[in-house]
Each structure stands twice: as C-alpha cells, then as structure tokens.
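Asker: Starting off with a structure, shown below.
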Amino acid sequence: MTRPQVTAVMLAYGAEPYLVDAARAVLDSTDVDIDLIVVDNGCTGDGIDVVKGFPGVRVIRPEENTGYSGGCRVGAAEATGEWLAFVNSDAIVAPDALAKVVAVAGEPGVGAAMASIRLADNPELINTSGNPLHFTGLSWAGGNGEPASAHAVRTTVPSLSGCCFVINRELWRELDGFAAEYFAYHEDTELSLRLWQRGLRLEYVPDAVVRHHYEFSRNALKLYLVERNRLVTLLTAYETRTLVVLAPVLLLTEAAMLAAALAGGWVKQKFRGWGWLWTNRAWLKSRRRQLQDERTVPDGVIAELMTARVAPSNVDSPPGMGVFNAIAAGYWALAKPLLRKR
1 MTRPQVTAVM LAYGAEPYLV DAARAVLDST DVDIDLIVVD NGCTGDGIDV VKGFPGVRVI
61 RPEENTGYSG GCRVGAAEAT GEWLAFVNSD AIVAPDALAK VVAVAGEPGV GAAMASIRLA
121 DNPELINTSG NPLHFTGLSW AGGNGEPASA HAVRTTVPSL SGCCFVINRE LWRELDGFAA
181 EYFAYHEDTE LSLRLWQRGL RLEYVPDAVV RHHYEFSRNA LKLYLVERNR LVTLLTAYET
241 RTLVVLAPVL LLTEAAMLAA ALAGGWVKQK FRGWGWLWTN RAWLKSRRRQ LQDERTVPDG
301 VIAELMTARV APSNVDSPPG MGVFNAIAAG YWALAKPLLR KR
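Per full-length UniProt numbering, the very first residue in the sequence shown carries number 1; after that it's consecutive.
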C-alpha cells in the first residue's frame, strides 16, 4: 500500500531554540513519506545551519521576513507532496501524529484536520483542541489548560490551530492559501471560515499528539495584528446581510476593544489598524469579491458553529467581560435567525 506523500512546512524566526528538535520529529514521522521545507524568515540561532544538513530538508530564504502567512505561502509553493502539513517550529510531533491527521484530512467532506496540541511541559494538558470562533471574529485556544482526557473524542471544530494541521495541497492551491497581507495571526481563522464556506468540515484528531512549547505574549505588534486581521476577516469573509444584521454589536465590540487598547497602552496600534484598513481598502474590496464568489455555504449555516461567549483560558478577562457576554449572547439569539440560510 502506497504511503501518503507529505511535505511539511516550518518557519524559522529569531532564536528558535526548539527548531532542531521540531524538524527531527517531523522527519521521524512514521507511515508517511515525508520531506520538510524550512522557511528562514530571519533565524538568529544556529538551528538553520543544523537542520539544513538533515536528509529530506530544504531551506528557503525569502528576501525579507514574510511573516507566518507569507512564509507558509513560500514554503507551500515549493511543496511536492500530495499533503501539506504546517508545523510550528516549537511543536514536537509524535511519530504517528502526521499519519493520523492525514488519514482524517483525506476523508470525504473534510477540508483539513488538526492534531491534539498539548502543553509541552505537561502533555496531559491541552494547549488547543480546536479554536472557538466568536461571531464578532474573536478566536482563542480552545481547551487550553484542560485535561487531555476531556478532549479524547474526535470532534468537528469551528477553527483550526495553525500550530499543526494538514490540508490537501491541491485544495490549498485552489484557495490560494493564506493571504500574505495578514502577515501573522488570524490567518488560520480565515482559512477555516473559507473551508466551511465551501461545505468542508474541519476535524480535531485526539490521538495525534503534538507537544507545543506554548508561550502567550501580548506585545503591541501582536495586538495590532490580531485586531487588524480580525477586522479584515469580518470585512471580507462575512456576507453583506450578516454585517448589516450584526452592525450594532460589531460597533460595540470596536468600542470595547478601543477601551481595552486605551487601558493596555496600545491605542496607537489600534488606530494604526484602522489606518491600514483605509489605506488598503482597494485590496479589501478585491479580497471580499474573491471570497464571496468562491463560497457555496451561507453565513446562516456556518453561524451554528459560532459562540456568543468570549471565554479564553489563557488570558485574564478584562473588566466588563460578563456584561459584554450577556449583551452579545442576547443579540446573537435574535440575530442568528435573520442570517441567510440558503
């Protein structure tokens, strides 16, 4: 029986203390024919020099740091395998993990599948078992810190985690992958929405274990990109009817995020995000036209996957979150029946 041909894509930026271990783990994958493309986005450690000597590894160096989105595009463009596996450079895949995820990704009706992402320092705890998707576009690591035993059943998930997932290479190319304009953060959410909009499911594979050296950071650049890209996704992936119906609560969310930015000292980045949207409005219009033209499933169907409660376990909830959740839940209950279902 022919083994699946898998090309794994891994990005390297900064010190990358786990790059060598992550690359070696991918290459040690069983029951697949594997090769690995490492995109050097500006690695400052010696990991690149080490991994480029491994059999089955190709190192690609773009002219500039293209971010996670752009780096994945660069690597995927050079892939030869039938399947693409995107693996973080701080994620250690179990030997059988990629084969198990590929098997699920290849099932009829499945668009992509993700591994069970565990906390590296305590693999009995989940880092993410699939990311919840709030109807305002917010998303976070689902199940973070919870026992893996509570996430031991295969499930369909609203959004993939970019830490480790598999997609058919031809489907990736048909979708044109991640938009390079995202640079980093939220691109996995957008890709997930686009797969759902084509009537394809996303699956979590509980026995495909990946140990992730997860470290949550809240620097100004990350907050800028996360917020900007959330708005990009809303403005391009949601139907016009959906945006009109949700307008009041989306404006309330913007006010809440502006207040959080003021309190957190990153209000300049919030304004910068709005400025980027205005400056790139022609691209947003073009991107919106593309995404609406390629979709086959309306928002009213996809809405069943979404949540109305913001409840990340990896960050402290800001003051007023209970009130926001109550308002959002009430509005969502009224709004969902108004979304297009056919």
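For glycine and all other residues, C-beta sits at the position ideal for the given N, C-alpha and C.
Among the residues of its own chain, which have a CB less than 7 Å from the CB of proline 95, if the five just before and after it don't count?
Answerer: Apart from sequence neighbours up to five positions away, the residues of its chain that approach proline 95 with a beta-carbon distance below 7 Å are Asp28, Ser29 and Thr30, ordered along the chain.
Asker: List the DSSP bridge partners of leucine 125.
Answerer: In the DSSP output, where bridge partners are listed per residue, leucine 125 has Pro147.
Asker: For glycine 130, count neighbouring Cβ atoms within 10 angstroms of its own Cβ and tell me buried if that reaches 16, exposed if not.
Answerer: buried
Asker: Quick one: residues in its chain with C-beta nearer than 7 Å to the C-beta of arginine 342, no 5 flanking neighbours on either side, listed in chain order?
Answerer: Cβ within range, chain order: Pro298.
Asker: Reducing DSSP to helix, strand and coil, say where threonine 44 ends up.
Answerer: coil
Asker: With a threshold of 6 Å on Cβ separation, who are the neighbours of glycine 137 within its own chain once the five nearest residues in sequence on each side are excluded?
Answerer: Arg230, Thr233 and Leu234
Asker: Helix, strand or coil, according to DSSP, for asparagine 229 in the structure here?
Answerer: helix
Asker: Which whole-angstrom value describes the C-beta separation of valine 51 and glutamate 203, a residue pair presumed to lie in contact below a C-beta threshold of 8 Å?
Answerer: Not quite, the Cβ-Cβ distance comes to about 30 Å (not below 8 Å), so this is no contact.
Asker: In whole angstroms, what is the alpha-carbon distance linking asparagine 314 and alanine 141?
Answerer: Straight through space, the alpha carbons of alanine 141 and asparagine 314 are spaced by roughly 8 Å.
Asker: Would you mind giving the Cβ-Cβ distance between alanine 91 and valine 210, rounded to the nearest angstrom? I have them listed as a contact below 8 Å.
Answerer: The pair is a contact, with the Cβ atoms about 5 Å apart (cut-off 8 Å).
Asker: Hey, is the stretch 77 to 88 in contact with the stretch 164 to 182, meaning 3+ C-beta pairs nearer than 8 Å?
Answerer: yes
Asker: Confirm, please, whether the CB-CB distance from methionine 114 to serine 161 is below 7 Å.
Answerer: yes
Asker: Cα separation between threonine 44 and valine 93?
Answerer: 23 Å
Asker: Below 8 Å on the Cβ atoms is my guess for serine 116 versus alanine 208; work out the distance and round it to an integer in Å.
Answerer: The Cβ separation is near 6 Å, so the contact holds.
Asker: Is the distance from the Cβ of alanine 214 to the Cβ of leucine 125 below 7 Å?
Answerer: The amino acid occupying residue 214 in the given sequence is tyrosine; alanine does not appear at that position. No. Outside cutoff.
Asker: When you compare the stretch 289 to 305 with the stretch 261 to 274, are there three or more beta-carbon pairs, one atom per stretch, that lie closer than 8 Å?
Answerer: In this structure the stretch 289 to 305 does not lie against the stretch 261 to 274, because fewer than three pairs of beta carbons, one per stretch, are closer than 8 Å.
Asker: In the DSSP assignment, the alpha helix (DSSP H) including valine 87 goes from what residue to what residue?
Answerer: Careful: valine 87 lies outside any alpha helix (DSSP H), inside the beta strand (DSSP E) at 83 to 87.
Asker: Hey, quick one: how far does the beta strand (DSSP E) through phenylalanine 178 stretch, first residue to last?
Answerer: Following the DSSP letters along the chain, one finds phenylalanine 178 in no beta strand (DSSP E), marked with neither H nor E.
Asker: Just checking alanine 311 against the ligand COA - is the residue's beta carbon closer than 6 Å to any of the ligand's heavy atoms?
Answerer: Absent from the structure shown: the ligand COA. Ligands present: none.
Asker: Per DSSP, what kind of secondary structure is alanine 255 in: helix, strand or coil?
Answerer: helix
Asker: Based on DSSP bridge pairs, tell me the residues matched to glutamate 203.
Answerer: Beta bridge pairing from DSSP links glutamate 203 with Ala113 and Thr156.
Asker: Which of helix, strand or coil does DSSP assign to cysteine 164?
Answerer: strand
Asker: Here's the rule I'm using: 16 or more other beta-carbon atoms within 10 Å means buried, otherwise exposed. How should aspartate 293 be labelled?
Answerer: exposed
Asker: Which same chain residues, not among the five before or five after arginine 228, have their C-beta less than 6 Å away from its C-beta?
Answerer: Gly273 and Trp276
Asker: Measuring CB to CB, does valine 26 end up less than 7 Å from alanine 76?
Answerer: no
Asker: Following the continuous alpha helix (DSSP H) through leucine 19, name the residue where it begins and the one where it ends.
Answerer: 19 to 27
Asker: For the stretch 176 to 187 against the stretch 144 to 155, are there 3 or more C-beta pairs whose distance is under 8 Å?
Answerer: no
Asker: For valine 245, which residues of its own chain have a beta-carbon under 7 Å away from its beta-carbon, when the five flanking residues on both sides are left out?
Answerer: Ala335, Leu338 and Leu339
Asker: Quick check on DSSP: helix, strand or coil for aspartate 33?
Answerer: strand
Asker: Alpha carbon to alpha carbon, what distance is there between threonine 156 and lysine 100?
Answerer: 15 Å
Asker: Please report the straight-line C-alpha distance between tryptophan 283 and aspartate 121, rounded to a whole angstrom.
Answerer: 42 Å
Asker: Helix or strand or just coil, what does DSSP make of serine 69?
Answerer: helix
Asker: Taking 7 Å as the cut-off, decide whether the C-beta atoms of aspartate 33 and arginine 3 are in contact.
Answerer: yes
Asker: Who does arginine 211 pair with in a DSSP beta bridge?
Answerer: DSSP output for arginine 211 lists Ile92 and Arg118 as bridge partner(s).
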